[in-house]
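Here is the structure we will look at.
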Amino acid sequence: MLRIEIQSPDLEKEVNALIGVGLYPDSHTLIIDALEKLVNNKKKSRLDASIQLYQAGEVTLGRASELAGMHRYEFESVLEARGILKIVEVDSVEQLEEGVSRIKSLHKENCRSEE
Numbered sequence: 000m001l002r003i004e005i006q007s008p009d010l011e012k013e014v015n016a017l018i019g020v021g022l023y024p025d026s027h028t029l030i031i032d033a034l035e036k037l038v039n040n041k042k043k044s045r046l047d048a049s050i051q052l053y054q055a056g057e058v059t060l061g062r063a064s065e066l067a068g069m070h071r072y073e074f075e076s077v078l079e080a081r082g083i084l085k086i087v088e089v090d091s092v093e094q095l096e097e098g099v100s101r102i103k104s105l106h107k108e109n110c111r112s113e114e
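The sequence shown: position 90 = 89 (numbering that gives the first Met the number 0), numbered continuously.
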């Protein structure tokens, strides 16, 4: 069981006030709620920071997903949901054109196989 001793008289008054007005039945429930919100907020902050670093080109997609504490594909889904384009690096225009050509060929093959 979690035990916390409040060392701040002002914080203790606020905790007691929240319990007194009926927002929480007891200090344990209040502390659990506060900790859950802190952890969730921390996760969101890590995700936001990871996205910012990725967009600035300071980290790769794989590293950004690690910093966010997510699987790469999950991170890619978040980027897509936020309308953030995935950065694809290539060594030359020729390499890019070759990649685009391969993708188009695969797409055509998939469309034919679905018919």
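By construction, the Cβ of each residue, glycine as well, lies at the ideal position given by its N, Cα and C atoms. Quantities reported herein were computed from a predicted structural model and do not represent experimental measurements.
Shortest Cα-Cα distance from G68 to any of S7, N39, T28, A80 involves N39.
DSSP, reduced to helix, strand and coil, places T59 outside both helices and strands of the structure shown, so it counts as coil.
Annotated three-state conformation of Q6 is coil, per DSSP. Sequence-distant Cβ neighbours of I86 in its own chain, meaning closer than 6 Å and more than five residues away, do not exist here. Annotation note: the region 6-75 contains the following uninterrupted alpha helix (DSSP H) runs of length 4 or greater, listed N- to C-terminal: 8-19, 26-54, 60-67. Below 8 Å, enough C-beta pairs join the region 44-52 and the region 74-81 to call them touching: three or more.
Within its own chain, the residues whose Cβ lies closer than 8 Å to the Cβ of E11, once the five positions on either side in sequence are excluded, are I5, listed in chain order.
It is roughly 11 Å from the alpha-carbon of A16 to the alpha-carbon of D9.
Between L29 and V14, the C-beta spacing is below 8 Å. Excluding its 5 nearest sequence neighbours in each direction, R45 has C-beta neighbours in its own chain below 7 Å: L66, A67, G68, listed in chain order.
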